[in-house]
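Trainee: Numbering (my numbering), first residue to last: 240 to 1200. Backbone N, C-alpha and C fix where the C-beta goes; we use that ideal spot for every residue, glycine too. Shown below is the structure under consideration.
Here you go:
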């Protein structure tokens, strides 16, 4: 397919039609997007190549995939532009007579540090400082590369990284015998020529670049300047014994004087003579005459000094990329387009900003064999009805399948590679502490998971713009969700309900338009009316604030951004911005600001914390408890590390609290709500690694990576950049957990004190209730009370006529159950049956397959007419959960995928979960504490009421009056 219209057209004076473009896209669909997907795969492949080379060579660390050994690296070279630079080549900073500083790195092409006498190519990398930007120019000492395009390049590099004989066979299968032979001959020709002196070498670009709109494509090369050519190498010349003879020879030359090369370009002539896409085709000099446009000079100097060696090491740490350039100079051709992503991935791997762990062959074999077998078994026998160890294997394979097929990145990306500049150095304070907005968690893609980043998907969206009100969500709510009678979840306490909201506020929040700006209107059925604002009139429609899309609105492909970071970083406590975080601290000290042990109030009476929307007494209790815990951690750190600054204490305490929350959620809250032996084993293995020998054997066979707890592993995003997803938001709509009524008991005596409804303990009334009742009595009262079951007919009535006040003081009255349905539909969440199928469950064909309750079957039929129209939230509530589960198996599919991912992707919960970052005290604090121990630290008298042998989310024992 031809490149976009923005690409430069061929010059009509050279005999080309104006509709012809310079570039043709490859990939499955022949367009930029399919190429981009190819390049993502190639980026992973280069990591594997680097790892293979490291293991084969016995190196201790990852190095460059190619050009590992520097032969000459200087930072004081100069590029002098020719005084007679042709007018059409006068582009951007390239002006006649200009002179630019240059960093020059000459290297052996191999990815292994080997003797200079070994057969090899040599490379030249120039970083030209053109003032406000740099321009990287990369070359090799052979006129053309062996690979025509990126596919061939990766195939060859993969084949040659390991065993050479097997590699040649692999190459034959990958590119075909004819192309394999051509590539091998090319490399043999380039590496078979002895190199006596770097000063005598010429270096050619890998393909063409666009040199402004007037000149069009050019290829460039360096050749020895007159008077700087080395003597012709004698036929019987042999490299000296010195394995670093090329650097030694360069040192001798530079000790005597300058060394120079001419920088030349060849103009594009025609696609037949000077092809752009085929990088392996030579541009003959008789047709494309070289033009000298500049001179590169390395000045006389001593490169053997300690300072020079330090400079070499500094330059070795740089990452060169042909896309580090100014916009006028665009690398052309498939091979060059791939280099931006692939080189960036390789550099990130080398600098330990991106990670790769090989998957053992046995794991790939077992997964390939058993996944289809279990898919067949699960048609009739779900995983939770299988024997314990078999069920664990089934779950592990299911998670692998979901990772492979159900991670969809929706973050907007550039459709074509664009000119860029080298990544700035990672700010030192972000290497060992979290940013507030989520930046710099993944150091290879600094914005991944940041505040404002797009929600991904686990399933492709299924938008129905015309069906947002079909069936009417008010009718759905009244018939299927309305709580006629409270249905308790007797295995949990209300702290479990507050906890999940506490977590969701850390993870996800959509941006909304202000009320009245872009409302979704839901017609009220059967002559009903609705009051949309506290002082408004009754209306025939319910108005719901619309979601603010990321970028241009697109009903058929909706994308939304997260207003908090996607990471598990405690942002609900600490805030998602530096400004917000600072106002929560005691001045510039390490501790969080508390007033007599309670959260301070703002000017409208709301408690001040990192995130205080949808605020009620349960949230206030957890925020207050963990603010106190943060301050307790600060006290411990200050006692242990007396020379630490307040800032270091604060940031370390923030890391400790965030990790402790993640651990509590993983090994305490989740096994409490999914109370089965398999889930208990699986989630404890997530954090600590598997305990049983048979479990370890199963993971050794199927997923060796999981033999260690996630905090002992490397970050792994699997098949997509890390983000939370719209489908994740959907399955965490767990509002039925909230009771409508609260009975308050005295924490010391257990005596009943008062009964309150939800409205009395939410919003601006929360702080007064918290201070009057006291945190200890709030915790005790919620510990002995049950939350609601996640099922139909159990949606809190308080939330079905609920006044919500935004941060700007504007209020609206909402039915949150209707809002949930409208959000789900307008965000393109597939309806329940499609949702199930997308998560590898068989489709529902009979209403009775959703639920065994005959009355619910009748109501579902009346409301929806078609099984395929059932809303996902309704279907999840209706579905009969597995034994011991607090929610459906369909919801669990999203959970099993995303629960591990939240840990596995996070640098601070994997590779940087270590004493050097957290401190030894911090690691011990995370590993040794539980929800119960936190409560007991602040309320020791609860020792007699906390559950024995269970988490603090199980019902507490009542005090006897």
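Could you name the residues that DSSP lists as bridge partners for residue 984?
Mentor: As a first step, residue 984 is located in the chain shown; it is residue number 745 there, counting from the start. DSSP lists 991 as partners of residue 984.
Trainee: Can you name the start and end residues of the alpha helix (DSSP H) that residue 1033 belongs to?
Mentor: For the purposes of this step, residue 1033 is taken as the residue at position 794 of the chain shown. Run containing residue 1033: none; DSSP gives neither H nor E here.
Trainee: Assuming residue 558 contacts residue 661 (C-beta within less than 8 Å), just tell me the rounded distance between them.
Mentor: Sequence index remark: in the chain shown, residue 558 carries index 319 (1-based). Sequence index remark: in the chain shown, residue 661 carries index 422 (1-based). Right, the Cβ-Cβ distance comes to about 7 Å (below 8 Å), so this counts as a contact.
Trainee: Kindly list the residues whose CB is nearer than 7 Å to the CB of residue 676, restricted to its own chain and excluding five residues on each side of it in sequence; keep chain order.
Mentor: Here residue 676 refers to the residue found at position 437 when the chain shown is read from its first residue. Contacts found: 689, 690, 804, 815 and 816.
Trainee: For residue 243, collect the residues of the same chain with a Cβ closer than 6 Å to its Cβ; drop the 5 residues on either side in sequence, then sort them by chain order.
Mentor: Sequence index remark: in the chain shown, residue 243 carries index 4 (1-based). For residue 243, the pLDDT reaches just 34, beneath the cut-off of 50, and the residue's location in the model is therefore unreliable, leaving the point undetermined.
Trainee: Quick check: is the beta carbon of residue 1174 nearer than 8 Å to any beta carbon in chain B?
Mentor: Protein chains in the displayed structure number just one, and chain B is not present.
Trainee: What residue does the alpha helix (DSSP H) around residue 873 start on, and which one ends it?
Mentor: On the chain shown, residue 873 is found 634 positions in, with the first residue counted as 1. Note, residue 873: alpha helix (DSSP H), 856 to 879.
Trainee: Just verifying my parser: in three-state terms, what is the DSSP assignment at residue 965?
Mentor: For the purposes of this step, residue 965 is identified with residue 726 of the chain shown, where counting begins at 1. Three-state result, residue 965: helix.
Trainee: So the beta strand (DSSP E) residue 738 belongs to, where does it begin and stop?
Mentor: Working through the chain shown from its first residue, we reach residue 738 at position 499. That residue, residue 738, is in no beta strand (DSSP E); its alpha helix (DSSP H) goes 733 to 746.
Trainee: Rounded to the nearest angstrom, what separates residue 1115 and residue 1101 at their Cα positions?
Mentor: Position 876 of the chain shown, counted from the start, is the residue given in the question as residue 1115. Position 862 of the chain shown, counted from the start, is the residue given in the question as residue 1101. Taking the straight line from one Cα to the other gives about 18 Å.
Trainee: Over the uninterrupted alpha helix (DSSP H) stretch that includes residue 619, give me the two end residues.
Mentor: Taking the first residue of the chain shown as position 1, residue 619 is located at position 380. From DSSP, residue 619 is part of no alpha helix (DSSP H); its letter is neither H nor E.
Trainee: In terms of DSSP beta bridges, what is residue 536 paired with?
Mentor: In the chain shown, residue 536 corresponds to position 297, counting from 1. Its beta-bridge partners are 317 and 499.
Trainee: Alpha carbon to alpha carbon, how far is residue 645 from residue 1065? Give it in angstroms, no decimals.
Mentor: Counting from one through the chain shown, the residue named residue 1065 turns up at place 826. Counting from one through the chain shown, the residue named residue 645 turns up at place 406. Whole-angstrom Cα-Cα distance: 21 Å.
Trainee: Considering only residues of the stretch 922 to 964, which uninterrupted alpha helix (DSSP H) runs meet the minimum length of 4 residues and lie entirely inside it, listed in chain order?
Mentor: Listed in chain order, they are 932 to 941.
Trainee: Could you round the C-beta distance between residue 895 and residue 1161 to whole angstroms and report it? I think they count as a contact, below 8 Å.
Mentor: Locating residue 895 in the chain shown gives position 656, counting from the first residue. Locating residue 1161 in the chain shown gives position 922, counting from the first residue. Right, the Cβ-Cβ distance comes to about 4 Å (below 8 Å), so this counts as a contact.
Trainee: How big is the Cα-Cα spacing for residue 1204 and residue 647?
Mentor: As displayed, the chain neither begins before 240 nor continues past 1200, which places residue 1204 out of reach and without an answer.
Trainee: Is residue 344 near residue 542, with beta carbons less than 8 Å apart?
Mentor: Taking the chain shown and counting its residues from 1, one reaches residue 344 at position 105. Taking the chain shown and counting its residues from 1, one reaches residue 542 at position 303. No, Cβ-Cβ distance for residue 344 and residue 542 is not below 8 Å.
Trainee: Nearest by alpha-carbon distance to residue 1199: which of 622, 671 and 987 is it?
Mentor: As a position in the chain shown, residue 1199 is number 960, starting the count at 1. It is 987 whose Cα lies nearest to the Cα of residue 1199.
Trainee: Would you be able to state if there are at least three C-beta pairs under 8 Å between the stretch 443 to 460 and the stretch 319 to 332?
Mentor: Yes, they touch.
Trainee: What is the rounded straight-line gap between the Cα of residue 982 and the Cα of residue 701?
Mentor: The residue given as residue 982 occupies position 743 in the chain shown. The residue given as residue 701 occupies position 462 in the chain shown. Answer to the nearest angstrom: the Cα atoms are 43 Å apart.
Trainee: Only counting the same chain, and skipping five residues up and downstream in sequence, which positions put a Cβ closer than 6 Å to that of residue 812?
Mentor: Indexing the chain shown from 1 puts residue 812 at position 573. Once the five neighbours on either side are set aside, the close Cβ partners of residue 812 are 849 and 865.
Trainee: In chain order, what residues of the same chain have a beta carbon less than 7 Å from the beta carbon of residue 1141, not counting five sequence neighbours either side?
Mentor: Residue mapping note: residue 1141 aligns to position 902 of the chain shown, counting from 1. 807.
Trainee: So which of 937, 1000 and 623 has the shortest CA-CA distance to residue 1038?
Mentor: Reading the chain shown from its first residue, position 799 is the one you call residue 1038. Here the closest residue by C-alpha is 1000.
Trainee: Residues in its own chain within less than 6 Å of residue 497 by CB, not counting five upstream and five downstream?
Mentor: Here the question's residue 497 lines up with position 258 in the chain shown. Here the set comprises 536, 538 and 539.
Trainee: Could you have a look at residue 1187 and say whether DSSP puts it in helix, strand or coil?
Mentor: Here residue 1187 corresponds to residue number 948 of the chain shown, with the count starting at 1. Residue 1187 falls in the coil class under three-state DSSP.
Trainee: Given 8 Å as the limit, is there contact between the stretch 576 to 594 and the stretch 665 to 685, that is, 3 or more CB pairs closer than that?
Mentor: Segments in contact, yes.
Trainee: How many Å lie between residue 833 and residue 839 at the Cα?
Mentor: Here residue 833 refers to the residue found at position 594 when the chain shown is read from its first residue. Here residue 839 refers to the residue found at position 600 when the chain shown is read from its first residue. Distance between the alpha carbons of residue 833 and residue 839: 6 Å.
Trainee: Using DSSP bridges, identify the partner residues of residue 301.
Mentor: Position 62 of the chain shown, counted from the first residue, corresponds to residue 301. Paired residues: none, contrary to the question.
Trainee: Tell me which residue opens and which closes the beta strand (DSSP E) that residue 1052 is part of.
Mentor: Position 813 of the chain shown holds residue 1052. Where residue 1052 is concerned, the enclosing beta strand (DSSP E) stretches over 1050 to 1053.
Trainee: With distance defined between alpha-carbon atoms, name the residue in 962, 989 and 998 nearest to residue 979.
Mentor: Your numbering for residue 979 matches position 740 in the chain shown. Residue 998 is the option with its Cα nearest to residue 979.
Trainee: Using a Cβ-Cβ cutoff of less than 7 Å, which residues in the same chain neighbour residue 487 once the five nearest sequence positions on both sides are dropped?
Mentor: Numbered from 1 along the chain shown, position 248 holds the residue referred to as residue 487. Here the set comprises 481.
Trainee: Starting from the C-beta of residue 583, find all residues in its chain whose C-beta is less than 7 Å away, skip the five residues before and the five after it, and write them out in chain order.
Mentor: Here residue 583 refers to the residue found at position 344 of the chain shown. The answer, listed in chain order, is 560.
Trainee: What residue range does the beta strand (DSSP E) around residue 343 cover?
Mentor: If you number the chain shown from 1, residue 343 lands on position 104. Looking at the DSSP string, the run of the beta strand (DSSP E) that includes residue 343 is 338 to 347.
Trainee: Go ahead and pull the three-state DSSP assignment for residue 378.
Mentor: Start at 1 with the first residue of the chain shown, and residue 378 comes out as number 139. DSSP places residue 378 in strand when its eight states are reduced to three.
Trainee: Find the nearest neighbour of residue 551 within the set 607, 313 and 1121, judged by alpha-carbon distance.
Mentor: If you number the chain shown from 1, residue 551 lands on position 312. Here the closest residue by C-alpha is 313.
Trainee: List in chain order: all unbroken alpha helix (DSSP H) runs of 4+ residues lying wholly within the stretch 1103 to 1171.
Mentor: Listed in chain order, the complete alpha helix (DSSP H) runs (minimum 4 residues) inside the stretch 1103 to 1171 are 1111 to 1117, 1128 to 1143, 1154 to 1157 and 1159 to 1167.
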